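K.L.:
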Amino acid sequence: MRLRLDGYTVADAAERTGLSAPTVSAAWKAFREGGWEAVPVRQRGRKTGQATRLDESAQQVLVHLLATQPDDDEPAWSARALAETLNARGQTVSPRAIEHWLEARDLKPKPRALDELERQRTQAGRWYRQRVQPVLGAVRESGGSVWKGGVRVAKPVSGVPELPRYQLYLHGKRGALHTRCLTAPPKVNDYLTLFQRLRDHAPDKPVALMFHGADFQASAEIRQWLDAHPDFHLINVPPANGL
Amino acid sequence: MTSLTHLQKLEAESIQIMREVVAETENPVMLYSVGKDSAVMLHLARKAFAPAPPPFPLLHVDTRWKFRAMYEFRDQMAKEMGMDLLVHINPEGVEKDINPFTHGSTIHTDVMKTEGLKQALDKYGFDAAFGGARRDEEKSRAKERVFSFRTAQHRWDPKNQRPELWRLYNTRKHKGESIRVFPLSNWTELDIWQYIYLQDIPIVPLYYAAERPVVERDGTLIMVDDKRMPLEPGEVPMMRKVRFRTLGCYPLTGAIESEADTLPAIIQEMLLTKTSERQGRVIDHDSTGSMEKKKQEGYF
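Shown next, in the form of structure tokens:
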């Protein structure tokens, strides 16, 4: 609550406290309605050993789904979309259980705290103020959407069967994760499909994507696609700046 | 009397070897490949002859395919050291545009490194060349003596090596023979890193982990250092936190994923590693015993 009172967004407060965005949001609502006493304070999570474990078949379906594209207009798989697809197949799984499953396999990257750069007197801070903020401001003004994302290689986890480890990921509003996993480094088509799905997600609106982990300058096809789609603003998060 | 640490013993041995070479040969040279071993060797040479500069030039046999950061570092070091830096590029290789992609690693290494080195040694008439090779790098280097004699055609005969008992070196040469001298032969990779740390020796930043654009080739991470690197159709380099344990021609040098971005972190990584740094060199895997064959033909 103190972070929210200090002006931090729900996403920022969630990231700083390690709580989920819905928890922060619910606590904020309770605080506004009933003050400090109305904010529920209790032990986090279930007791050890009471977690819902995904059965083998559900895990196999998840691995298969993560290698594909979702059927709806989501840019990539969210925990909710995965849960709905599994439920439609008769396997009752909650989005939360899927998030835990992803986290246990190093497939749940956190959103980069880029907004914090705004106040920093560093090279990264200057980059954010001069290169990023104007773009984000223009996109938001036009009613467009802002995404963070990247490509990474998940670390192998001992005791967990080998999975496709190349991960494309996006964080949308409130830091919700959308992801897709591949067995090999993503190629141009994988990136362009992701970009196109982001555009299709909110048609006729500009999109800004702050992306980390790929050297798009080396790809002529991506440069051409970006030239042909001026309403798609790809912001490459520079390497080696500790972001 | 206090006893020397193992690094001080290695340092003393290397300095003795360098002084021995300068005393016994007419025209020595120090091969400078810009890597960490070269950095240590150069540091030792400056110590061996201080306060005067080392009485020999540095020689870089350039292939035109080193990392850009290596060229920057080489020029900066040459300026700071005040030593003569000779750079030799095989003109025939340049004329034929020999490169690792079109001609393969074997031909590239043979023409640009082995032949280039032999040309440079002949051109300047050097009769002794210091090199930074170490025994722990590779099995053919393990059996090579500190003073490695080469014929007038620069060939090495591993079955005809001189004994080096009690660190006594026989430096007599037959006419036309030359010597390759390895002052760091008894050092390990870990020794090198500890010494760099203790002596605060500058090294190429590529040894420290950082995010760099890489592509995968046969399970090896190759850094895309410039636009000459041909990408496969649809390929996009990924930015991954990598570092290099060894440096050579960038298309033939594999990076390792690492978080070691400081010297203590590198040393800690070295303490846990079970593989040789040369596993990242594509040229070492050309064929069985390929390094020994290359050395017999004149490779360092």
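Read top to bottom, the protein sequences are chains A and B. With the first sequence counted from 1, adding 29 to any position gets you the working numbering. With the second sequence counted from 1, adding 855 to any position gets you the working numbering. Every residue, glycine too, gets a C-beta built ideally from N, C-alpha and C. Note that the structure is predicted; figures quoted are calculated from it, not measured.
Identify each residue in the stretch 234-252 of chain A for which the Cβ-Cβ distance to at least one residue of chain B is less than 8 Å, and report them in chain order.
P.N.:
His241, Gly242, Ala243, Asp244, Phe245, Ala247, Ser248, Glu250 and Ile251
K.L.:
Under three-state DSSP, which class holds Val122/A?
P.N.:
coil
K.L.:
According to a CB-to-CB cut-off of less than 8 Å, which residues of the stretch 1067-1078 of chain B neighbour chain A?
P.N.:
Arg1067, Pro1068, Val1070 and Glu1071
K.L.:
Taking beta-carbon pairs under 8 Å, can you tell me which members of the stretch 139-150 of chain A lie near chain E?
P.N.:
Protein chains in the displayed structure are A and B, and chain E is not among them.
K.L.:
In terms of residues, what are the limits of the alpha helix (DSSP H) holding Phe904/B?
P.N.:
Where Phe904/B is concerned, the enclosing alpha helix (DSSP H) stretches over Lys891 to Phe904.
K.L.:
Identify, in the order they occur along the chain, each residue of the same chain with its Cβ nearer than 6 Å to the Cβ of Gln273/A, setting aside the five sequence neighbours on each side.
P.N.:
The question about residue 273/A has no answer here: the residues shown for chain A are numbered 30 through 272.
K.L.:
For the alpha helix (DSSP H) that contains Pro232/A, what are its first and last residues?
P.N.:
Unbroken run through Pro232/A: none, as it is neither H nor E.
K.L.:
Would you say the stretch 126-140 of chain A touches the stretch 155-162 of chain A, given that touching needs at least three Cβ pairs under 8 Å?
P.N.:
no
K.L.:
By the criterion of Cβ-Cβ separation under 7 Å, what are the contact partners of Lys177/A in chain B?
P.N.:
Scanning chain B for C-beta atoms nearer than 7 Å to the C-beta of Lys177/A yields nothing, as the closest lies near 15 Å away.
K.L.:
Measuring CB atoms only, is the stretch 942-960 of chain B touching the stretch 969-976 of chain B, in the sense that at least three cross pairs come out at less than 8 Å?
P.N.:
yes
K.L.:
So with Cβ pairs under 8 Å, would you call Val161/A a contact of chain B?
P.N.:
no
K.L.:
What residues from chain B crowd round Asn218/A, counting only those whose CB sits closer than 9 Å?
P.N.:
Gly1089
K.L.:
Expressed to the nearest angstrom, what Euclidean distance is found between the alpha-carbon atoms of Ile127/A and Ile251/A?
P.N.:
32 Å
K.L.:
By the 10 Å Cβ neighbour count, where 16 or more other Cβ atoms means buried, how is Thr918/B classified, buried or exposed?
P.N.:
buried
K.L.:
Rounded to a whole number of angstroms, what is the C-alpha to C-alpha distance between Lys177/A and Thr1108/B?
P.N.:
33 Å
K.L.:
Note down, in chain order, all residues in the stretch 178-194 of chain A with a beta-carbon under 8 Å from any beta-carbon belonging to chain B.
P.N.:
Val180 and Val182
K.L.:
Does the contact criterion of 3 or more C-beta pairs under 8 Å hold for the stretch 108-127 of chain A versus the stretch 214-222 of chain A?
P.N.:
Here the stretch 108-127 of chain A makes no contact with the stretch 214-222 of chain A; the two share fewer than three CB pairs at distances below 8 Å.
K.L.:
Between which two residues does the beta strand (DSSP E) harbouring Gln196/A extend?
P.N.:
Tyr195 to His200
K.L.:
For the pair the stretch 253-261 of chain A and the stretch 194-208 of chain A, tell me if three or more CB-CB distances fall below 8 Å.
P.N.:
No: the two stretches stay apart, fewer than three of their Cβ pairs being nearer than 8 Å.
K.L.:
How should Asp100/A be labelled, buried or exposed, when 16 other C-beta atoms within 10 angstroms of its C-beta is the threshold for buried?
P.N.:
exposed
K.L.:
Whole angstroms is fine: what's the gap from Arg194/A's alpha carbon to Ala110/A's?
P.N.:
20 Å
K.L.:
Does the distance from the CB of Phe1099/B to the CB of Leu1127/B come in under 8 Å?
P.N.:
Going by C-beta atoms, Phe1099/B is not nearer than 8 Å to Leu1127/B.
K.L.:
If we define contact as Cβ-Cβ less than 8 Å, is Pro1060/B a contact residue for chain A?
P.N.:
Answer no: the Cβ-Cβ gap between Pro1060/B and chain A never drops below 8 Å.
K.L.:
Please return the same chain residues whose Cβ sits closer than 6 Å to the Cβ of Ser1113/B, not counting the five positions on each side in sequence.
P.N.:
Beyond the five residues adjoining it in sequence on each side, Ser1113/B comes within less than 6 Å, by CB distance, of Ala1064 and Arg1098 in the same chain, given in chain order.
K.L.:
Residues of the stretch 1082-1107 of chain B with a CB closer than 9 Å to any CB of chain A: list them in chain order, please.
P.N.:
Lys1082, Met1084, Leu1086, Glu1087, Pro1088, Gly1089, Glu1090, Val1091, Pro1092, Met1093, Met1094, Arg1095 and Lys1096
K.L.:
Ordered along the chain, which non-local residues of its own chain (more than five positions away) have a Cβ less than 6 Å from that of Arg1067/B?
P.N.:
Met1078 and Val1097
K.L.:
The stretch 97-112 of chain A: which residues have C-beta closer than 8 Å to a C-beta of chain B, in chain order?
P.N.:
Those residues of the stretch 97-112 of chain A that come within reach of chain B (Cβ to Cβ, closer than 8 Å) do not exist; the list is empty.
K.L.:
So, with DSSP's three-state summary, where would you put Ser49/A?
P.N.:
coil
K.L.:
If you measure beta-carbon to beta-carbon, which residues of the stretch 43-69 of chain A are closer than 8 Å to chain B?
P.N.:
none
K.L.:
Within the 8 Å Cβ cut-off, does Met873/B reach chain A?
P.N.:
no
K.L.:
Give the straight-line distance between the Cα atoms of Asn882/B and Asp982/B, rounded to the nearest whole angstrom.
P.N.:
Going by the C-alpha atoms only, they are around 6 Å apart.
K.L.:
Compute the Euclidean distance between the alpha carbons of Gly119/A and Thr1075/B, then round it to the nearest angstrom.
P.N.:
43 Å
K.L.:
Given a cut-off of 8 Å on the beta-carbon distance, is the pair Val1036/B and Ala984/B in contact?
P.N.:
yes
K.L.:
What three-state label does DSSP hand Ser248/A in the structure shown?
P.N.:
If DSSP states are grouped into helix, strand and coil, Ser248/A belongs with coil.
K.L.:
What is the rounded straight-line gap between the Cα of Trp1011/B and the Cα of Met873/B?
P.N.:
Using only the alpha carbons, I get a separation of about 21 Å.
K.L.:
Report buried or exposed for Gln159/A, applying the criterion of at least 16 other Cβ atoms within 10 angstroms of its Cβ.
P.N.:
exposed
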